[in-house]
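A short worksheet on the structure shown next.
Numbering (the numbering used here), first residue to last: 86 to 466.
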């Protein structure tokens, strides 16, 4: 075993602190392989020019979900819909309530991340970058013990008995300064740089959470730094997705921290396993969404071909195109009562509508499930 796999640092008043990259490779190997294969599949998907608008919309939606998630983990009461509404409006300079200001600040932090260019050398993390992220996140938010971009000098308690117990991070400013210097040296070490980008980013997330260097905003800062390292590693989509996974699996997120903190062998397996689970889940979500748009474009072309070869009527073609956006189960009477179907079937009789549905079903363009029709998105295989 690598003798440098565990690094022990003695602090002045907080005792011994341990940085560890210790985990049984065999326990994570399946997840690492699955993540690599899934990511390769996504990167190899053909993104045609026609998809540019949809991809941009996907990325915007992912950022909204992540901002909502990372804020909600820390108790921000705003709903995802309210977060989207806030971010859809230009900044007016008006004074915002704390919850709304947190959302605006997080958007600025994500803007900072997505504008970073990947680097072949996978650049070093610095204390200045960590402080800058924290400064962006907590800007203009009043807090008794927090100054944006500055380390704390008071004792804090983290966690609760429900999620594995209370953890007391380093207690004084001198110890925090020492540990942040040691953390930066360690996370940029040759041994850690050789790890998978996901693992390195996860370790940064974990140890920033443990050092808890700021008076407020530590969780958000750790998650943003994780995303920043993934972005700089050239990984697409996932950097702005993970926080929403953590929110959706909040109890497991807290337990992953606690189980790693309490591991007597200094193994970080529980936390890294959870991070990889989030990575894989996010990859599956983005693959499904991109594949869905590619499939829609292919179906649109296929419907045009069927019309050109007179295998379907113009009305049947237009009906299928409408269904590409409707994408919900429907019944016969919906064709006469529900917009936009009722515009297309304003004049045709019920007999004609039935004939259209039968034709499209026979051609496997429509499916019937539980007495309702729906578009067959897999008619092309």
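A virtual CB, placed ideally from N, CA and C, is assigned to each residue, including glycine.
With DSSP run on the structure shown, which of helix, strand or coil describes residue 459? Here residue 459 carries a strand assignment [DSSP, helix/strand/coil].
Could you tell me the distance, in whole angstroms, from the CA atom of residue 394 to the CA atom of residue 366? Straight-line spacing of the CA atoms in residue 394 and residue 366 works out to 42 Å.
Throw me the rounded Cβ distance for the residue 210 and residue 307 pair, which I believe falls under 8 Å. At roughly 12 Å, the Cβ-Cβ gap does not stay under 8 Å, so residue 210 and residue 307 are not in contact.
Kindly indicate which residue of 304, 314, 345 and 355 has the alpha-carbon position closest to the one of residue 332. For the residues 304, 314, 345 and 355, the minimum Cα distance to residue 332 belongs to 304.
One question on the structure: do residue 296 and residue 233 come within less than 8 Å of each other, judged by their Cβ atoms? Judged by their CB atoms, residue 296 and residue 233 are not nearer to each other than the 8 Å cut-off.
Could you name the residues of the same chain whose beta carbon sits closer than 7 Å to that of residue 404, not counting the 5 residues immediately before and after it, in chain order? The beta carbon of residue 404 sits closer than 7 Å to the beta carbons of 429 and 441 from its chain, once the five residues preceding and following it are set aside; these are given in chain order.
Compare the beta carbon distance of residue 414 and residue 459 with 8 Å and say whether it is the shorter of the two. Cβ atoms of residue 414 and residue 459: closer than 8 Å.
Do the segment 111-118 and the segment 350-368 meet, that is, are 3 or more Cβ pairs less than 8 Å apart? Contact check between the segment 111-118 and the segment 350-368: three or more CB pairs, one atom from each, fall below 8 Å, which counts as touching.
Across the segment 306-320 and the segment 344-359, are there enough close Cβ pairs to call them in contact, namely three or more that are closer than 8 Å? Two segments are said to touch when three or more pairs of C-beta atoms, one from each, lie closer than 8 Å; by this definition the segment 306-320 does not touch the segment 344-359.
In chain order, what residues of the same chain have a beta carbon less than 6 Å from the beta carbon of residue 86, not counting five sequence neighbours either side? With a pLDDT of 45 at residue 86, under the threshold of 50, the modelled position of that residue is not reliable, and the figure given next carries that caveat. The same chain holds no residue with a CB closer than 6 Å to that of residue 86 once the five nearest residues on each side in sequence are set aside.
Determine the contact status of residue 299 and residue 231, defining contact as a CB-CB distance below 8 Å. Against a cut-off of 8 Å, the Cβ pair of residue 231 and residue 299 comes out as a contact.
Please report how far the alpha carbon of residue 256 lies from the alpha carbon of residue 248, in whole angstroms. A direct Cα-to-Cα measurement between residue 256 and residue 248 gives close to 22 Å.
Going by other Cβ atoms of all chains shown within 10 Å of its Cβ, with 16 needed for buried, is residue 375 buried or exposed? By the C-beta density criterion, residue 375 is buried, having at least 16 other C-beta atoms within 10 angstroms.
Integer-rounded CB distance, given that residue 339 should sit under 8 Å from residue 250: The distance from the Cβ of residue 250 to that of residue 339 is about 11 Å, inconsistent with a contact at the 8 Å cut-off.
So residue 191 and residue 164 are supposed to be a Cβ contact under 8 Å. How far apart are they, rounded? Between residue 164 and residue 191 the Cβ distance is about 15 Å, and since that is not below 8 Å, they are no contact.
Cβ-Cβ separation, residue 309 to residue 194 (assumed contact under 8 Å), whole Å: Confirmed, Cβ separation roughly 5 Å.
Residue 468 and residue 439 look like a contact to me (Cβ under 8 Å); what is the Cβ gap, rounded to whole Å? A query on residue 468 cannot be resolved here, the shown segment of the chain reaching from 86 to 466 and no further.
Delimiting residues of the alpha helix (DSSP H) encompassing residue 280: Residue 280: not part of any alpha helix (DSSP H); DSSP gives it neither H nor E.
For residue 452: DSSP bridge partner residues: For residue 452, which the question treats as bridged, DSSP gives the partners 459.
In three-state terms, what does DSSP make of residue 235? Collapsing the DSSP output to three states places residue 235 in coil.
Judging by CA-CA distance, which residue of 242, 183 and 94 is the nearest neighbour of residue 223? Considering only alpha carbons, the answer is 183.
Using CA atoms only, rank isn't needed, just tell me which of 280, 151, 103 and 126 is closest to residue 325. When only C-alpha atoms are compared, the closest one is 151.
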